[in-house]
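In this text, residue positions in the sequence shown follow the numbering used here: the first is 4, and each later residue adds one.
Here's the structure, in structure tokens; my notes come after.
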Amino acid sequence: MIKSSGGCVKVESSKTTGKPSAAPHKINVFTLVMITAAFVISVRNLPMMAETGLNMIFYALIAALAFLVPTALVSAELATGWPEQGGVYVWVKEAFGERLGFTAIWLQWFQMVIGMVAVLVFIAGSLAFVFNPALAANKLFILAVVLVVYWGATYLNLRGMKTSGRISTVCFLCGVLVPGLLIIILGIVYLLSGDPVQLDLTLNTANLIPDFSSISNIVLLAGFIFIFAGIEVSAGHANEVNNPQRNYPVAIFIAGLILFLINVMGGMAVAIVVPQQDISLDAGIMVAFTDFFAAFGIVWLVPIIALLVAFGAIGQISTWILGPVKGLQVSADTGDLPPFLQKVNENGIPKNRLILQASLVSVFRLMFALVPGVNNAHWMLPALTILVYLVMYLLMFLAAIRLRYSRPEVHRAYRIAGGKAGMWFVSGVGILTVLFTMIVGFFPPKQIPAGNGALYMAVMGVGLIIIVLIPLIIYQFKKPGWIPDTGKKEV
4 MIKSSGGCVK VESSKTTGKP SAAPHKINVF TLVMITAAFV ISVRNLPMMA ETGLNMIFYA
64 LIAALAFLVP TALVSAELAT GWPEQGGVYV WVKEAFGERL GFTAIWLQWF QMVIGMVAVL
124 VFIAGSLAFV FNPALAANKL FILAVVLVVY WGATYLNLRG MKTSGRISTV CFLCGVLVPG
184 LLIIILGIVY LLSGDPVQLD LTLNTANLIP DFSSISNIVL LAGFIFIFAG IEVSAGHANE
244 VNNPQRNYPV AIFIAGLILF LINVMGGMAV AIVVPQQDIS LDAGIMVAFT DFFAAFGIVW
304 LVPIIALLVA FGAIGQISTW ILGPVKGLQV SADTGDLPPF LQKVNENGIP KNRLILQASL
364 VSVFRLMFAL VPGVNNAHWM LPALTILVYL VMYLLMFLAA IRLRYSRPEV HRAYRIAGGK
424 AGMWFVSGVG ILTVLFTMIV GFFPPKQIPA GNGALYMAVM GVGLIIIVLI PLIIYQFKKP
484 GWIPDTGKKE V
């Protein structure tokens, strides 16, 4: 496109993609709520919550107040102050420079690549209950489902934000909200029916407040905190929503409320119906749901619920595929990634990065399925994922504080109350929670044989350092030729 300015002619062209870029599709508040909810809400957490009995209320309240609320408040202020695409990259870059901005968005993206492997395995396990529960132990079945689901979701996301938004909405409504509400309603019906309640509802100190002299209970609190992680990722779509300064905070707070209610009420419902000793996370989530529906004499519903639950998790996969990648686009446009990874298709989707991350997920899963001995470390991935993600959150909270001082002139449609002291308090709570969870993340889990704790902590520490160093090394050695043509030339 040619523009005249000050007697000169500026030739303005878009990034070379091979095809002209389509106009960005705008999404409404409802769609943004669905996208945000799809990032963070899943019924697969309900058995874990149910296993803690009435303690779940304490755990959930602490996790919500100490992590979910600070994350939502800080994300709302930062996204309305800097509503352009990029999310955590833009926020951290504005506060600490491009190097740490790239590090933050890279960590958000990388933890998704690792973490999605576990979600894909969960999808395969759920689908096994649709056909034959024994398939959940079949490595080839799990591998096939992982590859088909992830590559299929990648293909659909290449069609653009409009398609991605529809997938998130339909999958969340059918695969999370419907089974979640069904479980909650059945739990209420069971409670009112007079049948024996499996949850001790006695309101005493032991039931309401966990015994934190036990390390396992401290680790559980860290697990609850991570249930509420991810709500900030939808900021990557902030510039695609109508009136982001008003609608983004509304969407993120609604999604946060839905997240809290479904997890707590759903967990309570499962705990009321299924005896605590029968809730085994190792046995699989669908086993707990089978026991739940057996109490109502509707075991025939299990395959249907399994299909819906898998459908909901597929929606989460689809949403996570695009969220961090869209945030990474702004960083790529400044030359932090090679030109090959900067290209977008006619729908504005970074196709090469989507293909790269699908390939990485496939390699991870192939290793665990086919390479002897590697599967023994499979359980370490979630722990490492948590540590990686927490470093990003640490940068985000610190950036929020820094920007109150370095960029006070920027208008935030939503601003945390209390001035700088209010920001220090909210972000400070978030920072302390992150540091606490990181420390707990180094505690060896029960799967670690006695005497191997030091080795476990060393592996986790070295792994975390390597993952954090990778984006710093990429940034240090990026080439001038990676900086894309701005598209403006004086002629």
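Backbone N, C-alpha and C define an ideal beta-carbon position, used for all residues, glycine too.
message: Residues in the same chain with beta-carbon distance under 6 angstroms from proline 474, minus the five sequence neighbours each way, listed in chain order, please.
response: The sequence position of residue 474 within the sequence shown is 471, counting from 1. Phe105, Thr106 and Trp109.
- prompt: Candidates Arg410, Pro327 and Leu390: which alpha carbon is nearest glycine 466's?
  reply: Working through the sequence shown from its first residue, we reach residue 466 at position 463. For glycine 466, the nearest C-alpha among the options comes from Leu390.
task: Identify, in the order they occur along the chain, each residue of the same chain with its Cβ nearer than 6 angstroms to the Cβ of alanine 272, setting aside the five sequence neighbours on each side.
output: Position 269 of the sequence shown holds residue 272. For alanine 272, where only same-chain residues beyond five positions count, the Cβ hits under 6 angstroms are Ile186, Ile187 and Gly190.
- request: Just confirm the distance between the C-beta atoms of lysine 346 and leucine 161, as a whole number of angstroms; I'd bet it's less than 8 angstroms.
  value: The residue labelled residue 346 in the question sits at position 343 within the sequence shown. The residue labelled residue 161 in the question sits at position 158 within the sequence shown. About 12 angstroms separates the two Cβ atoms, so there is no contact after all.
message: Between the alpha carbons of serine 430 and arginine 418, how many angstroms are there, rounded?
response: For the purposes of this step, residue 430 is identified with residue 427 of the sequence shown, where counting begins at 1. For the purposes of this step, residue 418 is identified with residue 415 of the sequence shown, where counting begins at 1. Those two C-alpha atoms are separated by around 13 angstroms.
field: Contacting residues, own chain, Cβ-Cβ under 6 angstroms from alanine 225 (five flanking each side not counted)
entry: Position 222 of the sequence shown, counted from the start, is the residue given in the question as residue 225. For alanine 225, where only same-chain residues beyond five positions count, the Cβ hits under 6 angstroms are Thr440 and Val443.
message: By the DSSP assignment, the alpha helix (DSSP H) with serine 321 in it spans what residues?
response: Position 318 of the sequence shown, counting from 1, holds the residue named residue 321. Element bounds for serine 321: 305–336.
Bridge partner(s) assigned by DSSP for isoleucine 30: Here residue 30 refers to the residue found at position 27 when the sequence shown is read from its first residue. Bridge partners of isoleucine 30: Val244.
task: Would you identify the three-state DSSP class for proline 213, choosing helix, strand or coil?
output: In the sequence shown, the residue the question calls residue 213 occupies position 210. Here proline 213 sits in coil by DSSP.
- prompt: By Cβ distance, which residues of its chain are closer than 8 angstroms to leucine 344, with the 5 residues on each side in sequence left out?
  reply: Translated into positions along the sequence shown, residue 344 becomes position 341. Here leucine 344 has Ala335, Pro353, Asn355, Arg356 and Leu359 as same chain residues with Cβ atoms under 8 angstroms from its own Cβ, once five neighbours each way along the sequence are excluded.
message: Output needed for glycine 433: all residues of its chain with C-beta closer than 6 angstroms, excluding positions within five of it in sequence on either side, in chain order.
response: What you label residue 433 is simply residue 430 of the sequence shown in a count that begins at 1. Annotation for glycine 433: Pro73 and Phe400 place their beta carbon closer than 6 angstroms to its own, counting only its chain and skipping 5 residues before and after.
message: Is the beta carbon of arginine 368 closer than 8 angstroms to that of leucine 123?
response: Mapped onto the sequence shown, residue 123 falls at position 120. Mapped onto the sequence shown, residue 368 falls at position 365. Yes, the Cβ-Cβ distance between leucine 123 and arginine 368 is below 8 angstroms.
task: Please determine, among Val192, Gln111, Ile308 and Gly484, the residue with the shortest C-alpha to C-alpha distance to valine 471.
output: Indexing the sequence shown from 1 puts residue 471 at position 468. Considering only alpha carbons, the answer is Gln111.
query: So which of Phe263, Leu387, Ile324 and Ala457 has the shortest CA-CA distance to valine 152?
result: Mapped onto the sequence shown, residue 152 falls at position 149. The shortest C-alpha separation from valine 152 is found at Ile324.
- request: Within the region 138–218, note down every full beta strand (DSSP E) run reaching 3 residues or more, in order along the chain.
  value: none
- request: Assign glycine 351 to buried or exposed, taking buried as 16 or more other Cβ atoms, counted over all protein chains shown, within 10 Å of its Cβ.
  value: Numbered from its first residue, the sequence shown carries residue 351 at position 348. With 16 or more other Cβ atoms within 10 Å, it is buried.
query: Relative to the C-alpha of phenylalanine 231, which residue among Val244, Ile145 and Asn266 is closest?
result: Reading the sequence shown from its first residue, position 228 is the one you call residue 231. Taking only the C-alpha atoms, the option nearest phenylalanine 231 is Asn266.
task: Enumerate in chain order the residues of its own chain whose CB-to-CB distance from valine 276 is below 7 angstroms, with the five nearest sequence positions on each side excluded.
output: The residue labelled residue 276 in the question sits at position 273 within the sequence shown. So the qualifying residues of the chain are Gly190, Tyr193, Gln201, Phe295 and Ala298.
- request: Tell me whether alanine 26 is buried or exposed, calling it buried when 16 or more other Cβ atoms sit within 10 Å of its Cβ.
  value: Position 23 of the sequence shown, counted from the start, is the residue given in the question as residue 26. Per-residue confidence for alanine 26 stands at a pLDDT of 47, beneath the threshold of 50, marking its modelled position as unreliable; no derived number is given.
message: Quick check on lysine 96: does DSSP put it in helix, strand or coil?
response: As a first step, residue 96 must be located in the sequence shown, where it is residue number 93. Correct three-state label for lysine 96: helix.
query: Around the Cβ of alanine 402, are there at least 16 other Cβ atoms within 10 angstroms (buried) or fewer (exposed)?
result: As a working note, residue 402 is residue 399 in the sequence shown. Classification of alanine 402: buried, given that the 10 Å Cβ count is 16 or more.
query: If you drop the 5 nearest sequence neighbours on each side, which residues of the same chain put their C-beta closer than 8 angstroms to that of methionine 463?
result: Taking the sequence shown and counting its residues from 1, one reaches residue 463 at position 460. Once the five neighbours on either side are set aside, the close Cβ partners of methionine 463 are Met383, Ala386, Leu387, Leu390, Gly444 and Phe445.
message: Looking only at its chain, what residues have a beta carbon closer than 7 angstroms to the beta carbon of isoleucine 261, apart from the 5 residues adjacent to it on each side?
response: Your numbering for residue 261 matches position 258 in the sequence shown. So the qualifying residues of the chain are Ala40 and Ile44.
C-alpha distance - arginine 249 paired with glycine 118, whole-angstrom precision: Translated into positions along the sequence shown, residue 249 becomes position 246. Translated into positions along the sequence shown, residue 118 becomes position 115. Cα to Cα, the separation comes out at about 31 angstroms.
task: Can you say whether aspartate 339 is buried or exposed, counting buried as having 16 or more other CB atoms within 10 angstroms of its CB?
output: Translated into positions along the sequence shown, residue 339 becomes position 336. It is buried - the Cβ of aspartate 339 has at least 16 other Cβ atoms within 10 Å.
- request: State buried or exposed for lysine 142, treating a residue as buried only when at least 16 other CB atoms are found within 10 Å of its CB.
  value: Taking the first residue of the sequence shown as position 1, residue 142 is located at position 139. Answer is exposed; the Cβ neighbour count stays below 16.
task: Return helix, strand or coil for glycine 2, following the three-state DSSP convention.
output: There is no way to answer for residue 2, as the model of the chain reaches only from 4 to 494.
message: With the cut-off set at 8 angstroms, would you say phenylalanine 113 and isoleucine 212 are in Cβ contact?
response: If you number the sequence shown from 1, residue 113 lands on position 110. If you number the sequence shown from 1, residue 212 lands on position 209. Against a cut-off of 8 angstroms, the Cβ pair of isoleucine 212 and phenylalanine 113 comes out as no contact.
task: Taking only the alpha-carbon atoms, compute the straight-line gap between phenylalanine 132 and glycine 269 and give it to the nearest angstrom.
output: As a position in the sequence shown, residue 132 is number 129, starting the count at 1. As a position in the sequence shown, residue 269 is number 266, starting the count at 1. If I take the Cα positions, the gap works out to 20 angstroms.
query: Where does leucine 68 fall in DSSP's three states?
result: The residue given as residue 68 occupies position 65 in the sequence shown. Note: leucine 68 maps to helix in three-state DSSP.
field: Closest Cα partner of alanine 438 within the set Leu398, Glu54 and Asn207
entry: For the purposes of this step, residue 438 is identified with residue 435 of the sequence shown, where counting begins at 1. According to the sequence shown, residue 438 is leucine rather than alanine. Checking every option, the nearest Cα to that of leucine 438 belongs to Leu398.
- prompt: Among residues of its own chain, excluding the 5 on either side of aspartate 214, which ones have a beta-carbon nearer than 8 angstroms to its beta-carbon?
  reply: Here residue 214 refers to the residue found at position 211 of the sequence shown. For aspartate 214, where only same-chain residues beyond five positions count, the Cβ hits under 8 angstroms are Asn220.
Spatial neighbours of glycine 183 in its chain, beta-carbon cut-off 7 angstroms, leaving aside the 5 residues before and after: Within the sequence shown, the letter at position 180 stands for residue 183. Same-chain partners within the cutoff: Val46, Ile265 and Gly269.
field: Candidates Ala98, Val120, Val366 and Gly100: closest to alanine 316 by CA position
entry: As a position in the sequence shown, residue 316 is number 313, starting the count at 1. The shortest C-alpha separation from alanine 316 is found at Val120.
query: With distances taken from CA atoms, which of Gly484, Val181, Phe227 and Ala147 is nearest leucine 68?
result: Numbered from 1 along the sequence shown, position 65 holds the residue referred to as residue 68. The shortest C-alpha separation from leucine 68 is found at Phe227.
- prompt: Which word fits arginine 410, buried or exposed, when buried means at least 16 other C-beta atoms lie within 10 angstroms of its C-beta?
  reply: Counted from its first residue, the sequence shown places residue 410 at position 407. Classification of arginine 410: exposed, given that the 10 Å Cβ count is below 16.
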